[in-house]
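Engineer:
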Amino acid sequence: MARCRIFSIDADLLPVVEGGLYTKNFSTPRMSVSVVKFVSPGGAALKARPHSHGEEASFQIEGGCSVFQPDDAPGAEYRMEAGDALLIPARTEHFGNNRFGAAGVSMRLNVVSPPRAEFVAKNAAPFYPLADPPPSRD
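Here it is, written out as structure tokens:
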């Protein structure tokens, strides 16, 4: 029988880029959940690459984020501040740029359905679609 699961948003995050980006990911058969925390100053230089996946609900917890779709008109921006949420349709290519709050943090909780393949594997390495991924830890 499936059970409810409680998790802390801002605890036990794993480094994707030490001093810049931390995350944790969970998945069920129908969705994946990712907490993404960029911290300044290191996180300011980290840029996401355009990517797509299933439907996404992105909740901005702290700081802000501007989301762009490469096929939009130049300058078109979906601007999220702390407390805002954004719905991204399935298979819509997008990427974001972070803005940091007073504590030097930009943090989101992203829910994607169907689950992202990167988050399904047990003991998967922390992941974020960076334009310039960090070197492998192997």
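First residue of the sequence shown? That's 86 in the working numbering, and the numbers climb one at a time after it.
The beta carbon of each residue, even a glycine, is placed where N, CA and C say it ideally should be.
Which partner residues does Ala129 have in the DSSP bridge list?
Structural biologist: Working through the sequence shown from its first residue, we reach residue 129 at position 44. The partner list for Ala129 (beta bridge, DSSP) is empty, contrary to what the question assumes.
Engineer: Taking the beta carbon of His179 as the centre, do at least 16 other beta carbons fall within 10 Å, making it buried, or is it exposed?
Structural biologist: Your numbering for residue 179 matches position 94 in the sequence shown. Label assigned to His179: buried.
Engineer: Just to check my reading of the structure: Gly186 and Gly148 have Cβ atoms closer than 8 Å, yes? What is that Cβ distance to the nearest angstrom?
Structural biologist: In the sequence shown, residue 186 corresponds to position 101, counting from 1. In the sequence shown, residue 148 corresponds to position 63, counting from 1. Between Gly148 and Gly186 the Cβ distance is about 4 Å, and since that is below 8 Å, they are a contact.
Engineer: Report yes if the C-beta distance between Val101 and Phe204 is below 8 Å; otherwise report no.
Structural biologist: For the purposes of this step, residue 101 is identified with residue 16 of the sequence shown, where counting begins at 1. For the purposes of this step, residue 204 is identified with residue 119 of the sequence shown, where counting begins at 1. Contact: no.
Engineer: Could you tell me whether the region 118-126 touches the region 181-197, using the rule of 3 or more Cβ pairs below 8 Å?
Structural biologist: Contact holds: three or more Cβ-Cβ distances are below 8 Å.
Engineer: Roughly how far, in whole angstroms, is the beta-carbon of Ala170 from the beta-carbon of Phe144, given that I think they are within contact range, below 8 Å?
Structural biologist: Position 85 of the sequence shown, counted from the start, is the residue given in the question as residue 170. Position 59 of the sequence shown, counted from the start, is the residue given in the question as residue 144. Indeed, because the Cβ distance is near 5 Å, the residues count as touching under 8 Å.
Engineer: Taking the continuous beta strand (DSSP E) assigned at Glu103, which residues delimit it?
Structural biologist: Against the sequence shown, residue 103 aligns to sequence position 18. Unbroken run through Glu103: none, as it is neither H nor E.
Engineer: Do you know offhand how far Ala158's Cα is from Ile146's?
Structural biologist: One-based indexing of the sequence shown puts residue 158 at position 73. One-based indexing of the sequence shown puts residue 146 at position 61. The alpha-carbon atoms of Ala158 and Ile146 are separated by roughly 27 Å.
Engineer: Could you say which of Ala142, Asn182, Arg90 and Glu140 lies nearest to Arg134 if we only look at CA atoms?
Structural biologist: For the purposes of this step, residue 134 is taken as residue 49 along the sequence shown, with counting starting at 1. Looking at the Cα atoms, Asn182 is the closest of the given residues.
Engineer: Once you ignore the five residues that flank Leu99 on each side, which residues in its own chain have a CB closer than 7 Å to its CB?
Structural biologist: Within the sequence shown, the letter at position 14 stands for residue 99. Taken in chain order, the residues that qualify are Tyr107, Thr108, Lys109 and Pro211.
Engineer: On a Cα-Cα basis, can you pick out the residue from Met165, Ala167 and Val196 that is closest to Pro174?
Structural biologist: Residue 174 sits at position 89 when you count from the first residue of the sequence shown. Here the closest residue by C-alpha is Val196.
Engineer: Could you tell me the distance, in whole angstroms, from the CA atom of Asp156 to the CA atom of Ser137?
Structural biologist: The sequence position of residue 156 within the sequence shown is 71, counting from 1. The sequence position of residue 137 within the sequence shown is 52, counting from 1. Roughly 13 Å between the two C-alpha positions.
Engineer: Between Ala130 and Ser151, what straight-line distance do the alpha-carbon atoms span, to the nearest angstrom?
Structural biologist: What you label residue 130 is simply residue 45 of the sequence shown in a count that begins at 1. What you label residue 151 is simply residue 66 of the sequence shown in a count that begins at 1. C-alpha separation (whole angstroms): 15 Å.
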